[in-house]
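> Dropping a structure here in structure tokens format, bear with me for questions.
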Amino acid sequence: MLTSIDEKDYTSFYLHWPFCLSKCPYCSFNSYAIAEIINFNEWREAYFWAIKLFAKQYQNKIIRSVYFGGGTPSLLPSSLVKDILNEIQHYWDFCEDVEITLEINPETAEESKIRGYREAGINRVSVGMQSMYDEGLAILGRGHSVEASIATMKLCLDLFKSVSVDMIYARPGHSVKIWEQELKQLFALSPHHLSLYQLTIENETVFGNMFRKGELLLPDDNTCSDLFEVTQSLTREHGLPAYEISNHAKAGHECVHNMRYWLYEDYIGIGPGAHSRVTIDGCKYALAHETNPRKWLRALLEHQEILEERLKLTPQEQAREAILVGLRMTDGLDYRKIPLPLEQCIDYPAMERLIEEGYIELEGNILRCTHEGRKCLNSVLLLLLASL
Ligand SMILES: C[S@@+](CC[C@H](N)C(=O)[O-])C[C@H]1O[C@@H](n2cnc3c(N)ncnc32)[C@H](O)[C@@H]1O
Ligand code: SF4
610 MLTSIDEKDY
620 TSFYLHWPFC
630 LSKCPYCSFN
640 SYAIAEIINF
650 NEWREAYFWA
660 IKLFAKQYQN
670 KIIRSVYFGG
680 GTPSLLPSSL
690 VKDILNEIQH
700 YWDFCEDVEI
710 TLEINPETAE
720 ESKIRGYREA
730 GINRVSVGMQ
740 SMYDEGLAIL
750 GRGHSVEASI
760 ATMKLCLDLF
770 KSVSVDMIYA
780 RPGHSVKIWE
790 QELKQLFALS
800 PHHLSLYQLT
810 IENETVFGNM
820 FRKGELLLPD
830 DNTCSDLFEV
840 TQSLTREHGL
850 PAYEISNHAK
860 AGHECVHNMR
870 YWLYEDYIGI
880 GPGAHSRVTI
890 DGCKYALAHE
900 TNPRKWLRAL
910 LEHQEILEER
920 LKLTPQEQAR
930 EAILVGLRMT
940 DGLDYRKIPL
950 PLEQCIDYPA
960 MERLIEEGYI
970 ELEGNILRCT
980 HEGRKCLNSV
990 LLLLLASL
């Protein structure tokens, strides 16, 4: 069971790096194309101050996982990654088998830097391949070729004990036949973990604008459903079954860091726009950093408070968040961990209807989505949580 990694004094650490070489047309993450020369010394100082501020209010925890996410954190020099990992350990201990992940974009993957990451302590990487077709990469506006992604993957598989790949399907012009071929080429590389995301069209992105103007031809609903089915069956056949709605792993290679999000465990988040969920004196808090990188950096360098908000979460809010993330996992959610009885945090008649119609199941203390339910997870969640 996935819940077995849960330990009371563990926490996780997320560090957000907000810059990329260019901005992809589909991406709504808090990321920006680099517009000026980056002063890494200033960023080091700012991250160090953010870590210190956090440590003042949140001590006696053991770090179960660290995640360098972005943006494109593979733009960071390996010496800075090493310094940050040392600084975190100045305040909190790492557990023996700590998982330390860094996201790598193939266009930034010089061999000496990737080797430096390993020496700095990174033991897991997530490579943003996105497509195994150059045409697919061009549609997604990516700045790397398939050849470059494969070379990066091979290097990473040589160096790290766990390697994940990010891919996007249901792209404009995508078909089941092309996706099957892409997946088979991926399996031939033997990654340990796959994050396979269905393209979502986000407001405030180039794709969002094109979609509104009718300029983006996306696969229809039937094709999207077939793409999902093929994803589930091929990954299962190749020993990488889904353990979450978009995530697949060989046994033992599930991402500890992300599982802790889905199990609604504590995590610290620092960097522009980073969020935290931490339990302090028995209360769960939601913290969020300023999103604008320039403002964030200035505030930190001037040793100001950088939190945009600090909210004490009510039991209802915690229940809602725990259900939203928990139902993403194939194994479902142990509802004893929700701070309220189930009848008080979901629409019970809606749940009974969804069980009868085969979208969710309740077994012992576990509430989970069925295969059919996972295909329309957002609608299931809407129905369950409508009254909260
Ligand atoms: C925060 S991004 C960072 C990863 C890294 N910068 C990269 O682009 O390879 C994490 C992943 O989210 C996925 N993603 C981002 N926007 C998406 C969208 N609109 N629809 C589906 N997947 C998306 C991509 O697969 C991406 O690799
Ligand atoms: S998908 Fe990755 S590389 Fe592209 S803009 Fe978003 S964070 Fe940057």
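Under the working numbering, think of the first position of the sequence shown as 610, with each following residue one higher. Note that CB positions come from ideal geometry on N, CA and C, so glycine has one too. Every value quoted in this text rests on a predicted model; they were computed, and no experiment measured them.
Between GLU708 and VAL865, is the Cβ-Cβ spacing less than 7 Å?
Yes; because the gap between Cβ atoms is below 7 Å, this pair is in contact.
> Is it right to say ARG886 is buried, meaning 16 or more other beta carbons lie within 10 angstroms of its own, or is it exposed?
Buried.
> Rounded to whole angstroms, what's the CA-CA distance from ASP618 to ILE671? Just pull it up for me.
For ASP618 and ILE671, the distance between alpha carbons rounds to 6 Å.
> When DSSP labels each residue in this structure, what does ILE697 get in the three-state scheme?
ILE697 falls in the helix class under three-state DSSP.
> Ends of the alpha helix (DSSP H) at CYS833?
Note, CYS833: alpha helix (DSSP H), 830–846.
> Are there 16 or more other CB atoms within 10 angstroms of the CB of MET610, so buried, or fewer, so exposed?
Residue placement at MET610 cannot be trusted, given a pLDDT of 33 that sits under 50; what the coordinates show is reported in the next sentence. MET610 comes out exposed.
> Judging by CA-CA distance, which residue of TYR700, ARG907, VAL772 and GLU930 is the nearest neighbour of TYR667?
Residue TYR700 is the option with its Cα nearest to TYR667.
> Put CYS985 into one of helix, strand or coil per three-state DSSP.
Correct three-state label for CYS985: coil.
> Taking the C-alpha atoms as reference points, what is the distance between SER804 and TYR870?
Straight-line Cα distance between these residues: approximately 15 Å.
> Pick helix, strand or coil for SER758, following the three-state DSSP scheme.
Correct three-state label for SER758: helix.
> What does the Cβ neighbour count give for THR923, buried or exposed, with the cut at 16 atoms within 10 Å?
Exposed, since its Cβ has fewer than 16 Cβ neighbours within 10 Å.
> If we count the other Cβ atoms within 10 Å of its Cβ and call it buried at 16 or more, is PRO800 buried or exposed?
By the 10 Å Cβ count, PRO800 comes out buried.
> For the beta strand (DSSP E) that ASN856 lies in, which residues bound it at each end?
Unbroken beta strand (DSSP E) run through ASN856: 856–858.
> Output the boundary residues of the alpha helix (DSSP H) element that contains PHE677.
Segment 671–679 is the beta strand (DSSP E) holding PHE677; no alpha helix (DSSP H) there.
> Report the rounded CA-to-CA distance for LEU662 versus LYS921, giving the unit in angstroms.
Cα to Cα, the separation comes out at about 18 Å.
> Measure the CB-CB distance between LEU764 and ILE713 and report whether it falls below 7 Å.
Cβ atoms of LEU764 and ILE713: not closer than 7 Å.
> Going by the C-beta, is GLU696 closer than 6 Å to any heavy atom of ligand 1?
GLU696: no, Cβ never under 6 Å from ligand 1.
> Just to confirm my understanding: we take SER740, look at its own chain, exclude 5 residues before and 5 after, and list those with CB closer than 6 Å. What are they?
Only LEU746 meet the Cβ criterion.
> For LYS632, verify whether its CB is less than 6 Å away from any heavy atom of ligand 2.
Yes.
> Between which two residues does the alpha helix (DSSP H) carrying ILE777 extend?
Here ILE777 belongs to no alpha helix (DSSP H); instead the beta strand (DSSP E) covers 771–778.
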